[in-house]
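These protein sequence lines map, in sequence, to chains A and B.
Mapping the first sequence onto UniProt numbering, position 293 (from 1) lands on 293, and the numbers just tick up by one.
Mapping the second sequence onto UniProt numbering, position 261 (from 1) lands on 261, and the numbers just tick up by one.
Heads up, the beta-carbon is just placed ideally off N, CA and C, and yes, glycines get one too.
Source: prediction; values computed, not measured.
Working notes, beginning with the structure itself.
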Amino acid sequence: MTAEAPHGAEAPSELVQLLTPEGERVEHPDYDIDLTPEEIRGLYRDLVLVRRVDLEAVALQRQGELGIWASLLGQEAAQIGSGRALTEADMAFPTYREHGVAWCRGVDPVNLLGMFRGVNHGGWDPAEHNFHLYTIVIGSQTLHAVGYAMGVQRDSAEAATIVYFGDGATSQGDVNESFIWASVFNAPVVFFCQNNQWAISEPLEKQSRIPLYRRASGFGFPGVRVDGNDVFACLAVTRKALADARSGQGPMLIEAFTYRMGAHTTADDPTRYRVAGELEAWKLKDPIERVRAYMFKNQIADQDFFDAIDAEADELGGDVRKRCLALPDPEPLAIFDHVYAEPHGLMDSERAEFATYLEGFEG
Amino acid sequence: MTTLTLAKALNEGMRKAMEDDPKVLIMGEDVGKLGGVFRVTDGLQKDFGEQRVIDTPLAESGIIGTAIGLALRGYRPVCEIQFDGFVFPAADQIITQLAKMPLRSLGKLKLPVVVRIPCGGGIGAVEHHSESPEAYFTHTGGLRVVACSNPVDAYTMIQQAIRCDDPVVFFEPKRRYWEKAEVDTSADSAGWTPFDRAQIVRPGTDLTLIAYGPMVKICLEAAAAAEEDGRSLEVVDLRSLNPLDVARVTESVRRTGRCVVVHEAPVYNGFGAEVAARVTEKCFYNLEAPVLRVGGPSTPYPPSRLEDYYLPDLDRVLDAVDRAFRF
């Protein structure tokens with residue numbers, strides 16, 4: 001028996017796809033979707049703008065303005081498709097790469113940069129956006145999502161929870177425990193695995209000998225593999241999974257089959273572990289180009305529209321850059337803030353001692 | 001006044017908390033029908049239902065991780081870790097997530113999660129059932145760490161821990177579960193001692209014995225024995241390890257001039273080191289002798305036939321007291 005080669009140029013046959021890389025619309029018996037021209041233009045705009053934010057962040061890192069950045073390049077469709085499937089009441093738990101989902105949840109992109117610039121560990125209010133903080137320890141957030149979903153159950157709320165993680169995370173104990181919890185408690189949670197083929201330098205073969213979506217059946221719930229570079233398919237599949245979860249049908253695993261075009265983070269060098277041909281093959285499946293081709297062919301937008309979006313993206317990129325550079329460093333005594341919700345003797349004494357020490361430098 | 005064992009006092013405390021606040025949940029392995037392996041949650045599922053007293057799958061990381069999610073949704077989970085040595089699979093969720101999420105959110109998120117851990121030895125158990133992991137958690141900013149030593153504190157402190165908006169690691173001395181005391185369950189909680197406060201449980205003038213959890217009783221016995229030798233020992237029950245009630249501890253040592261810290265955990269890098277360092281720094285000119293520590297050797301917990309040698313007992317505490325008086 002050999003493991004399937006999961007990141008070849010050919011898409012596996014079980015893939016749910018509604019829009020081919022050439023921009024041809026295809027039908028699927030279970031997951032078809034009816035989108036208005038305006039909705040399609042909206043999705044295209046999202047894709048372009050989040051790519052622009054991402055490129056700007058990479059540039060800022062290269063110029064020393066961010067300590068590190070985890071690029072979403074290539075994964076825009078998976079994130080926008082799933083992110084736009086969420087209702088306001090749904091709750092999302094991201095890793096540290098879900099900049100596109102954050103965009104869909106209304107989180108200011110500059111707030112994402114703050115963490116990578118080192119001014120905070122996450123500057124947005126999760127409750128305001130129903131978008132949790134980025135989680136860096138791999139897979140931890142899957143359990144938080146299931147617990148949150150158990151709370152949704154207890155509240156009898158009309159909501160679901162979605163949790164994002166990568167292919168590497170599926171090897172973690174927490175992710176497997178979260179599958180068990182979700183299954184036995186029938187929790188309204190959608191597991192959204194962005195299989196971008198690489199866990200830093202380790203290919204999927206180091207994580208699994210079966211396609212990841214098939215793991216769900218071993219835990220007692222359905223799994224599906226969707227073309228992660230197809231925003232229509234990602235939207236359709238996630239929308240159905242969330243609706244099923246909300247109506248009490250329990251969890252679902254979505255494997256978005258995609259590709260991380262850049263490095264894991266700006267700290268690594270993909271040329272050391274993967275061949276150029278692989279990258280070239282995936283470039284032909286670009287999530288933005290196929291929507292653009294489809295829109296052109298079907299006269300959903302004209303050149304003026306595309307030019308306007310490009311201009312908006314440039315403006316957004318410039319704005320994000322400007323506001324990132326203006327992010328102030330926190331005050332030194334902020335180290336002691338928010339560690340505890342209630343008064344805490346050790347914090348009080350350490351803060352006071354540190355303040356006295358700092359005052360020694362004044363005057 | 002009601003006579004309660006420490007286990008029953010915890011049970012009554014949790015029952016009261018669940019009655020007062022519908023958001024309080026109990027979760028863990030075997031906490032439902034069985035009532036926990038020590039029966040601390042006995043009868044709660046029968047009275048509050050499976051939605052509030054949750055028998056979980058057998059996975060500690062999952063218990064704490066899902067409790068975090070429930071807390072994010074507005075619930076107040078009280079998690080039971082079955083035995084001290086089993087907390088380590090959950091240590092990642094406790095240390096990297098539970099402790100740090102409020103800070104990461106700049107205070108926008110609160111995680112009122114209680115992690116109950118039956119701790120310590122003395123019950124003749126097998127490996128991994130008799131440990132004292134408190135120092136791992138006191139070393140982690142963002143957690144509160146407390147230990148009860150008697151039924152009265154068990155009853156009040158568990159309720160205070162549940163009401164607290166911070167995550168609390170709550171140590172229960174398992175060899176004291178069956179010990180009884182009179183508990184006033186009708187007293188107004190406004191009059192309870194805050195749970196981050198140390199308490200002088202026996203006043204004295206010649207030396208301060210500092211302990212928490214299972215060792216408080218040993219220290220009280222040592223103080224009674226020392227009295228026959230004409231020595232007056234004060235016993236301080238720390239109750240809270242993080243934060244440490246430095247003021248109350250140092251006030252006592254300034255008066256007595258001598259200090260011995262007693263715990264079951266290994267002395268090396270144990271919590272006693274923190275107490276000794278703080279006392280030395282604050283009471284240097286009042287001390288007649290160095291602060292001494294009594295605890296376990298730096299070994300894994302031994303087979304139970306040897307645990308009487310490992311655990312501090314009356315004689316070892318009195319031996320340290322003698323040494324303190326010889327300086």
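Counted within 10 angstroms of its Cβ, other Cβ atoms place residue i as buried (16 or more) or exposed
{"i": "Y285 (chain B)", "result": "exposed"}
{"i": "G248 (chain A)", "result": "exposed"}
{"i": "V145 (chain B)", "result": "buried"}
{"i": "D237 (chain B)", "result": "buried"}
{"i": "A99 (chain B)", "result": "buried"}
{"i": "D286 (chain A)", "result": "buried"}
{"i": "S132 (chain B)", "result": "buried"}
{"i": "I210 (chain A)", "result": "exposed"}
{"i": "S126 (chain A)", "result": "According to the sequence shown, residue 126 (chain A) is Pro rather than Ser. Looking at its Cβ environment, which holds 16 or more other Cβ atoms inside 10 Å, P126 (chain A) is buried."}
{"i": "R305 (chain B)", "result": "exposed"}
{"i": "P29 (chain A)", "result": "exposed"}
{"i": "P102 (chain B)", "result": "buried"}
{"i": "D227 (chain A)", "result": "buried"}
{"i": "W178 (chain B)", "result": "exposed"}
Spatially closest choice to residue i from the options, by CA coordinates
{"i": "D244 (chain A)", "options": "A:V48, A:E14, A:A85, A:L43", "result": "A:A85"}
{"i": "D153 (chain B)", "options": "B:V115, B:T5, B:L244", "result": "B:T5"}
{"i": "D32 (chain A)", "options": "A:L327, A:D230, A:M150", "result": "A:D230"}
{"i": "G250 (chain A)", "options": "A:K206, A:N186, A:V226", "result": "A:N186"}
{"i": "V317 (chain B)", "options": "B:P290, B:L209, B:I95", "result": "B:L209"}
{"i": "S71 (chain A)", "options": "A:S171, A:Y259, A:N120", "result": "A:Y259"}
{"i": "T3 (chain B)", "options": "B:V87, B:Y155, B:G142, B:I123", "result": "B:Y155"}
{"i": "R323 (chain B)", "options": "B:L207, B:P303, B:E234", "result": "B:L207"}
{"i": "F131 (chain A)", "options": "A:R290, A:A341, A:V320, A:V101", "result": "A:V101"}
{"i": "I158 (chain B)", "options": "B:P302, B:G296, B:T41, B:R278", "result": "B:T41"}
{"i": "G117 (chain B)", "options": "B:C79, B:R15, B:L72, B:R197", "result": "Sequence check: residue 117 (chain B) is Ile here, not Gly. With distances taken between Cα atoms, I117 (chain B) lies closest to B:C79."}
{"i": "P203 (chain B)", "options": "B:S61, B:V168, B:V253", "result": "B:V253"}
{"i": "L325 (chain A)", "options": "A:G118, A:D302, A:K206, A:H338", "result": "A:G118"}
Three-way DSSP call (helix, strand, coil) for residue i in this model
{"i": "C193 (chain A)", "result": "strand"}
{"i": "T258 (chain A)", "result": "coil"}
{"i": "R116 (chain B)", "result": "strand"}
{"i": "G166 (chain A)", "result": "strand"}
{"i": "I200 (chain A)", "result": "coil"}
{"i": "S171 (chain A)", "result": "helix"}
{"i": "G272 (chain B)", "result": "helix"}
{"i": "E228 (chain B)", "result": "helix"}
{"i": "S240 (chain B)", "result": "strand"}
{"i": "E93 (chain B)", "result": "It should be noted that the sequence gives Gln, not Glu, for residue 93 (chain B). Three-state DSSP puts Q93 (chain B) in a helix."}
First through last residue of the alpha helix (DSSP H) which encompasses residue i
{"i": "F137 (chain B)", "result": "134-138"}
{"i": "K297 (chain A)", "result": "287-297"}
{"i": "G345 (chain A)", "result": "345-359"}
{"i": "K46 (chain B)", "result": "44-48"}
{"i": "A341 (chain A)", "result": "Counting along the chain, A341 (chain A) falls outside any alpha helix (DSSP H), and DSSP gives it neither H nor E."}
{"i": "K180 (chain B)", "result": "From DSSP, K180 (chain B) is part of no alpha helix (DSSP H) but of the beta strand (DSSP E) over 180-183."}
Short CB-CB distance (under 8 Å) between residue i and chain A
{"i": "R258 (chain B)", "result": "no"}
{"i": "P151 (chain B)", "result": "no"}
{"i": "Y75 (chain B)", "result": "yes"}
{"i": "D30 (chain B)", "result": "no"}
{"i": "P57 (chain B)", "result": "yes"}
{"i": "Q160 (chain B)", "result": "no"}
{"i": "F327 (chain B)", "result": "no"}
{"i": "K33 (chain B)", "result": "no"}
{"i": "N11 (chain B)", "result": "no"}
{"i": "R116 (chain B)", "result": "no"}
{"i": "I200 (chain B)", "result": "no"}
{"i": "C283 (chain B)", "result": "no"}
Beta carbon proximity, residue i to chain B, threshold 8 Å
{"i": "D125 (chain A)", "result": "yes"}
{"i": "R323 (chain A)", "result": "no"}
{"i": "C193 (chain A)", "result": "no"}
{"i": "D174 (chain A)", "result": "yes"}
{"i": "G360 (chain A)", "result": "no"}
{"i": "I180 (chain A)", "result": "yes"}
{"i": "L143 (chain A)", "result": "yes"}
{"i": "D337 (chain A)", "result": "yes"}
{"i": "S82 (chain A)", "result": "no"}
{"i": "G151 (chain A)", "result": "yes"}
{"i": "N186 (chain A)", "result": "no"}
First and last residue of the uninterrupted beta strand (DSSP E) at residue i
{"i": "A92 (chain A)", "result": "91-93"}
{"i": "D302 (chain A)", "result": "D302 (chain A) -> no beta strand (DSSP E), and no H or E assigned at all."}
{"i": "C79 (chain B)", "result": "76-80"}
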